[in-house]
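Participant: Each residue of the sequence shown is one higher than the one before, starting from 32 at the first, in this note's numbering.
The C-beta atom is built at its ideal place from N, Cα and C for all residues, glycine as well.
Given the structure is predicted, the values throughout are model-derived calculations rather than measurements.
Below you will find the structure I want to go over with you.
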Amino acid sequence: MTIYVVLLRGINVGGHNKIKMAELREVLEKAGCRQVRTYIQSGNVVLASGLDGTSLRELIEREINAAFGLNVQVIIRSKEEFEAMIKNCPYDDASLQEGETLHVSMLSGIPSAEGMEKLAAVDRGIDEYTIIGTELYMFVRNKFNESKLADSLGKLGTPGTVRNWKTIRKLESMVQELQP
């Protein structure tokens with residue numbers, strides 16, 4: 032069994048694509064996943080599975096569609112990939128000043144050079160970002176919902192789902208609690 036972090040994109044946002052986490056856990060357990068745990072209502076799941084990441088993603092997307100009638104994109108990271116993502120963060124969360132936040136957009140694939148150029152051309156104000164593989168790390172100096180950088184992630188051309196660093200750290204602790 033491999034431990035995975037499973038992130039659902041765009042659920043329970045603004046009253047759209049509603050999925051109750053208790054129901055999601057039940058669906059995933061019936062589909063063969065083990066030790067299924069969720070965190071808050073925005074589609075953060077930690078679980079164990081004998082499937083490889085691609086097969087698990089396809090299974091979860093299919094099961095969500097069957098159970099809830101929704102086409103939800105699922106981003107998956109193995110325990111090792113998730114731990115490497117945290118280790119590779121180029122920003123120090125311990126030195127954040129008041130109002131500053133860290134976020135990670137976990138992408139569905141490595142962005143193209145053209146997508147990276149489009150994002151680089153955006154006037155992002157004082158916010159910073161770094162792309163490492165399939166992760167886009169964001170250092171936001173003011174409110175995330177007012178960030179020009181956050182508003183421009185679509186220019187990258189590679190779908191992803193964003194989580195704040197507090198959520199990343201909580202998922203990290205949940206991963207460490209599971210047994211493979």
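Look at the alpha carbon of Lys-186 and the alpha carbon of Val-105, and state the distance between them as a whole number of angstroms.
Facilitator: The count along the sequence shown starts at 1 and reaches residue 186 at position 155. The count along the sequence shown starts at 1 and reaches residue 105 at position 74. Distance between the alpha carbons of Lys-186 and Val-105: 20 Å.
Participant: Exposed or buried, which one is Ser-204 when buried takes at least 16 other CB atoms within 10 Å?
Facilitator: Walking along the sequence shown from the start, residue 204 turns up at place 173. With fewer than 16 other Cβ atoms within 10 Å, it is exposed.
Participant: Is the distance from the Cβ of Asp-158 to the Cβ of Phe-170 below 8 Å?
Facilitator: Here residue 158 refers to the residue found at position 127 when the sequence shown is read from its first residue. Here residue 170 refers to the residue found at position 139 when the sequence shown is read from its first residue. Yes, Cβ-Cβ distance for Asp-158 and Phe-170 is below 8 Å.
Participant: Report, in whole angstroms, the separation of the C-beta atoms of Val-103 and Arg-194, which I expect to be a contact under 8 Å.
Facilitator: Residue mapping note: residue 103 aligns to position 72 of the sequence shown, counting from 1. Residue mapping note: residue 194 aligns to position 163 of the sequence shown, counting from 1. Incorrect: roughly 15 Å between the Cβ atoms, too far for contact.
Participant: Which residue comes first and which comes last in the beta strand (DSSP E) that contains Arg-194?
Facilitator: Position 163 of the sequence shown, counted from the first residue, corresponds to residue 194. Here the beta strand (DSSP E) through Arg-194 covers 191 to 195.
Participant: Cβ atoms of Met-147 and Ser-80: under 8 Å apart, would you say?
Facilitator: Start at 1 with the first residue of the sequence shown, and residue 80 comes out as number 49. Start at 1 with the first residue of the sequence shown, and residue 147 comes out as number 116. For Ser-80 and Met-147, no; Cβs fall outside 8 Å.
Participant: At the level of alpha carbons, what is the spacing between Ile-50 and Ser-178?
Facilitator: Sequence index remark: in the sequence shown, residue 50 carries index 19 (1-based). Sequence index remark: in the sequence shown, residue 178 carries index 147 (1-based). Each residue's alpha carbon lies about 27 Å from the other.
Participant: Excluding sequence positions up to five away, which residues of its chain have a Cβ less than 7 Å from the Cβ of Met-116?
Facilitator: Locating residue 116 in the sequence shown gives position 85, counting from the first residue. Cβ neighbours of Met-116 beyond the five flanking positions: Arg-108, Val-135 and Glu-166.
Participant: Near Leu-59, which residues of its chain fall below 6 Å by C-beta distance, leaving aside the five closest residues on each side in sequence?
Facilitator: As a first step, residue 59 must be located in the sequence shown, where it is residue number 28. So the list reads Val-67, once near-sequence residues are dropped.
Participant: Grouping DSSP H, G and I as helix and E and B as strand, with all else coil, what is Ala-144?
Facilitator: Translated into positions along the sequence shown, residue 144 becomes position 113. Correct three-state label for Ala-144: helix.
Participant: Using 10 angstroms around the beta-carbon of Ser-86, count the other beta-carbons present and answer buried if the total reaches 16, otherwise exposed.
Facilitator: Working through the sequence shown from its first residue, we reach residue 86 at position 55. Looking at its Cβ environment, which holds fewer than 16 other Cβ atoms inside 10 Å, Ser-86 is exposed.
Participant: By alpha-carbon positions, which one of Met-52, Val-206, Ala-98 and Asn-48 ends up nearest to Gln-72?
Facilitator: The residue given as residue 72 occupies position 41 in the sequence shown. Among Met-52, Val-206, Ala-98 and Asn-48, the Cα nearest to that of Gln-72 belongs to Met-52.
Participant: Given a threshold of 16 other Cβ atoms within 10 Å of its Cβ, counted over all protein chains shown, does Pro-121 qualify as buried or as exposed?
Facilitator: The count along the sequence shown starts at 1 and reaches residue 121 at position 90. By the 10 Å Cβ count, Pro-121 comes out exposed.
Participant: Could you spell out the range, first to last residue, of the beta strand (DSSP E) harbouring Ile-163?
Facilitator: Numbered from 1 along the sequence shown, position 132 holds the residue referred to as residue 163. Here the beta strand (DSSP E) through Ile-163 covers 159 to 163.
Participant: Specify, as a first and last residue, the run of the alpha helix (DSSP H) that Ser-86 falls within.
Facilitator: Your numbering for residue 86 matches position 55 in the sequence shown. First-last of the alpha helix (DSSP H) with Ser-86: 84 to 99.
Participant: First and last residue of the alpha helix (DSSP H) that includes Val-58?
Facilitator: Reading the sequence shown from its first residue, position 27 is the one you call residue 58. Where Val-58 is concerned, the enclosing alpha helix (DSSP H) stretches over 52 to 61.
Participant: Kindly provide the ranges of any beta strand (DSSP E) runs that are 3 or more residues long and lie completely inside the region 102 to 158, ordered along the chain.
Facilitator: The qualifying runs are 105 to 109 and 132 to 138.
Participant: Nearest-angstrom Cα distance between Trp-196 and Val-37?
Facilitator: Your numbering for residue 196 matches position 165 in the sequence shown. Your numbering for residue 37 matches position 6 in the sequence shown. So the alpha carbons of these two residues sit roughly 16 Å apart.
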